[in-house]
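In the numbering used here, the protein residues as written are 1 to 265. Every residue gets a Cβ at the ideal spot worked out from N, C-alpha and C, and that includes glycine. Only a predicted model underlies this, so the values are computations on that prediction, with no experimental measurement involved. Let me begin by presenting the structure, written as structure tokens, before commenting on it.
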Ligand SMILES: Nc1nc2c(ncn2[C@@H]2O[C@H](COP(=O)(O)OP(=O)(O)OP(=O)(O)O)[C@@H](O)[C@H]2O)c(=O)[nH]1
Ligand SMILES: [Mg+2]
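Following this line, the structure appears as structure tokens:
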């Protein structure tokens, strides 16, 4: 049973120590954005046999290159989220045409002149009505297999439209994710809702996710690529996943992707 942690959209602490908190948060945000800002396109994969390596230990992935995958319904905002998190305009292609991303797109992280330090993976959106059956089967074969069997996978970012909530297809998607892989849910397009509606939607989602998320835990964030809501908090969680192996018990947030205490604004 997953426990859901909601992170305050503002990311700021109590007013008393406000200046200090903002300064510390700023330094932390800059630090965390460095790894993601180094993102560059690495490869497109349409056949699971061609996934990039090296993958470290075949069973545990230890010693391999850590990966974080972005999943969600078509048009939910996955590619837009990758772009804003990496502080880039067109790293991953966002589109008004549903189903635009029909492959796994790998983005390498870390210094360009050094071996790849970590990866982000943009997956094909699911659930667009006009998809032929062959495309739907192709999703299972490619993204489904990748999610279920990739030892390098350190975390999954589920992007959903805050106005739709967790749909039946999102629930199906959650079944593909291995039990020990943590989840970050970005309730995206939060700019489309007024503040009060946003809080209500997040509260409802938090409740639903407590039952739906796996045992590795789940974090929930209100998110907007256009208004840059939740960006620093999402970076902290994802960078924590990707740097965990290099820095056990170090800078990464100890509770990233795990915790509890729903908090309301
Ligand atoms: N208002 C608003 N629009 C957004 C946001 N994020 C994405 N969009 C828009 O939603 C549409 C789809 O965004 P994408 O990032 O391409 O979505 P996707 O999930 O990658 O879609 P597929 O690749 O087809 O699965 C685009 O027109 C984006 O500009 C957001 O936070 N707010
Ligand atoms: Mg896309």
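Next item on the list: Please report how far the alpha carbon of residue 182 lies from the alpha carbon of residue 220, in whole angstroms.
Entry: 11 Å
Next item on the list: Taking 8 Å as the cut-off, decide whether the C-beta atoms of residue 67 and residue 152 are in contact.
Entry: yes
Next item on the list: For residue 302, count neighbouring C-beta atoms within 10 Å of its own C-beta (all shown protein chains included) and say buried if the count is 16 or more, exposed if not.
Entry: The question about residue 302 has no answer here: the residues shown for the chain are numbered 1 through 265.
Checklist line | DSSP state of residue 171 mapped onto helix, strand, coil | finding: helix
Check: Of the choices 150, 104, 190, 172, whose alpha-carbon is the least far from that of residue 76?
Finding: 190
Next item on the list: Indicate whether the contact test is met: 3 or more Cβ pairs, each with one atom in the stretch 112-126 and one in the stretch 196-216, closer than 8 Å.
Entry: no
Notebook entry, point to check: Taking just the CA atoms, how far does residue 50 sit from residue 159?
Noted result: 25 Å
Margin query: Is any non-hydrogen atom of ligand 1 found closer than 7 Å to the C-beta of residue 75, if you look at the structure I gave you?
Written below: yes
Notebook entry, point to check: Considering only residues of the stretch 109-145, which uninterrupted beta strand (DSSP E) runs meet the minimum length of 3 residues and lie entirely inside it, listed in chain order?
Noted result: 118-122
Next item on the list: Taking residue 167 as the reference, give the member of 72, 145, 241 with the closest Cα.
Entry: 72
Notebook entry, point to check: Of the residues 218, 222, 224, 37, which one's Cα is nearest the Cα of residue 119?
Noted result: 37
Note to self: So if DSSP puts residue 41 in a beta bridge, which residue, or which two residues, is it bridged to?
What the structure shows: 107
Next item on the list: Could you tell me whether the Cβ atoms of residue 106 and residue 43 are closer together than 8 Å?
Entry: yes
Next item on the list: With a threshold of 7 Å, establish whether the CB of residue 189 neighbours any heavy atom of ligand 2.
Entry: no
Check: How would you label residue 240, buried or exposed, when you count the other beta carbons within 10 angstroms and need 16 or more for buried?
Finding: buried
Next item on the list: In angstroms with no decimal places, state the Cα-to-Cα distance between residue 110 and residue 184.
Entry: 22 Å
Note to self: Between residue 159 and ligand 1, is there a pair consisting of the residue's CB and a ligand heavy atom that are separated by less than 7 Å?
What the structure shows: yes
Next item on the list: Can you tell me which of the three DSSP states residue 183 falls into?
Entry: strand
Item checked: Under the three-state DSSP convention, the category residue 260 falls into -> Residue placement at residue 260 is flagged as unreliable, the pLDDT there being 32, under the threshold of 50; the coordinate-derived value follows with that caveat. In this structure, residue 260 counts as coil in the three-state DSSP scheme.
Next item on the list: Check whether the Cβ of residue 125 lies closer than 7 Å to any heavy atom of ligand 1, and answer yes or no.
Entry: yes
Notebook entry, point to check: Between residue 235 and residue 85, is the Cβ-Cβ spacing less than 8 Å?
Noted result: yes
Notebook entry, point to check: Can you tell me whether residue 91 is buried or exposed, with buried defined as 16 or more other CB within 10 angstroms of its CB?
Noted result: buried
Next item on the list: Starting from the Cα of residue 187, find the closest Cα among 218, 172, 149 and give me that residue.
Entry: 218
Note to self: Suppose the cutoff is 8 Å on Cβ atoms and the five residues either side in sequence are ignored; what does the same chain contact list for residue 83 look like?
What the structure shows: 89, 90, 91, 92, 94, 225
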